[in-house]
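To keep things clear, I will list the structure first and then write my remarks on it.
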Amino acid sequence: MKLKTLEISGFKSFADKTVIDFMPGMTGIVGPNGSGKSNIIEAIRWVMGEQSAKDLRGNKMSDVIFAGTKKRRGLNRAEVAITFDNSDHYVKSDYTEIRITRRLYRTGESVYQLNGSDCRLRDIHELFMDTGLGREGFSIISQGRVESIFNAKPEDRRGIIEEVAGVYKYKQNKHKAQQD
Ligand code: ATP
Ligand code: MG
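Right under this line is the structure:
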């Protein structure tokens, strides 16, 4: 599975629609302080379902919507779409391309879409569970996270290893079956 495209519009400092095409190999994002490098990573975390405004350096979720500058009025909507090449079917889906969209309005209205159809956040979580890309996924390592993994309680560290090993999904299913 490969990251193909990231489309950001009205999210944080990206007022205009910005499309990043990821080429094969490694991608580095460089730029002066405050130019929006971290906002790009946060856009990825957000579209994958991040629920904590604080972890996105805000107070409330609507803080991710472009707030305006001296020269430009703020916007009423943030939208991020991420597209993965799934031709190796790493994510268990018949789709060879997976596109996830998240949209948030100032009114609080919020939409998730999977390949263009409305879906629940839970559907996205289930699809990406054990791939390392879902919520709390290990594929994005932020500053401070390495330290927190080292300092984690043994059972929390075990949880990380279980997600990497791909057994977390089965534990979740077992837990769900026991509740039903
Ligand atoms: P550094 O090199 O210092 O880490 P960076 O390239 O990672 O910088 P970011 O932290 O991604 O920069 O971007 C910060 C900029 O994004 C700030 O100028 C801030 O005002 C702007 N910003 C954050 N949220 C919003 C928002 N909701 N609306 C408009 N601009 C925003
Ligand atoms: Mg930064």
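Position one of the sequence shown corresponds to residue -11 (my numbering), numbered consecutively onward. Glycine is no exception: its CB is placed at the ideal position from the N, C-alpha and C atoms.
The alpha helix (DSSP H) spanning A69 covers which residue range? Here A69 belongs to no alpha helix (DSSP H); instead the beta strand (DSSP E) covers 65 to 73.
For S50, which of helix, strand or coil comes out of DSSP? In the structure shown, S50 adopts helical secondary structure according to DSSP, grouped into three states.
Under the three-state DSSP convention, the category Q101 falls into: In this structure, DSSP gives Q101 an extended state, which the three-state scheme calls strand.
Quick one: does the C-beta of S26 sit closer than 7 Å to a heavy atom of ligand 2? Because some heavy atom of ligand 2 lies under 7 Å away, the Cβ of S26 counts as near it: yes.
For I148 and A66, what's the separation of their Cα atoms in angstroms? Looking at the two C-alpha atoms, the distance is approximately 31 Å.
Between S242 and W34, what straight-line distance do the alpha-carbon atoms span, to the nearest angstrom? Nothing in the structure corresponds to residue 242, since the chain is present only between -11 and 168.
Let's see if you can read the secondary structure: which residues bound the beta strand (DSSP E) around I86? It spans 85 to 93 - the beta strand (DSSP E) in which I86 sits, taken as one unbroken run.
What does I(-4) pair with, by DSSP beta-bridge criteria? Beta-bridge pairing links I(-4) to T6, V68.
S23 Cβ short of 7 Å to ligand 1 heavy atom set: With a threshold of 7 Å, the Cβ atom of S23 counts as near ligand 1, since some heavy atom of the ligand is closer than that.
Is L121 helix, strand or coil when you go by DSSP? In the displayed model, L121 falls within coil according to three-state DSSP, outside both helix and strand.
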